[in-house]
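Novice: Just so you know, we're using the working numbering here: the sequence shown kicks off at 4 and counts up by one. By construction, the Cβ of each residue, glycine as well, lies at the ideal position given by its N, Cα and C atoms. Note that the structure is predicted; figures quoted are calculated from it, not measured.
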Amino acid sequence: MDKRIGIIGIVIEDLSCVDKVNAILHEHAELIIGRMGIPYRERNVSVISLIVDGSNDEISAVTGKLGRIAGASVKSMITKSVEK
């Protein structure tokens, strides 16, 4: 299993979906290396950035689950290099 480092960005536009987002993040906590959440009150959104370490499939699974939540927008980026 090739492990990679990735970044997942989440913009929460509907704060009622926060519990769903946190449940998925808790479910995949073993992949999360770091997390930063910023409430952007002027725009009435919250932004969460995650640093993750896992296989391409694992990172894609988390991103896919988060992307299906209404009220949240998600994008990810995964490094090309594989764990040595």
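1) Look at the Cβ atom of C20, then the Cβ atom of G70, and state whether they are nearer than 8 Å.
2) Which residue wins for smallest C-alpha separation from I27, given the options T82, R44, S63, I81?
3) What is the rounded straight-line gap between the Cα of I41 and the Cα of V65?
4) Which residue comes first and which comes last in the beta strand (DSSP E) that contains S19?
5) Along the alpha helix (DSSP H) that carries S49, what are the first and last residues, could you check?
Specialist: This is what the structure gives:
1) To locate residue 20, count along the sequence shown from 1; it is residue 17. To locate residue 70, count along the sequence shown from 1; it is residue 67. No.
2) Residue 27 sits at position 24 when you count from the first residue of the sequence shown. Here the closest residue by C-alpha is S63.
3) Here residue 41 refers to the residue found at position 38 when the sequence shown is read from its first residue. Here residue 65 refers to the residue found at position 62 when the sequence shown is read from its first residue. Rounded to the nearest angstrom, the two C-alpha atoms are 20 Å apart.
4) Position 16 of the sequence shown holds residue 19. No beta strand (DSSP E) holds S19; DSSP gives it neither H nor E.
5) Taking the first residue of the sequence shown as 1, we reach residue 49 at position 46. Unbroken run through S49 is the beta strand (DSSP E), 48-58; no alpha helix (DSSP H).
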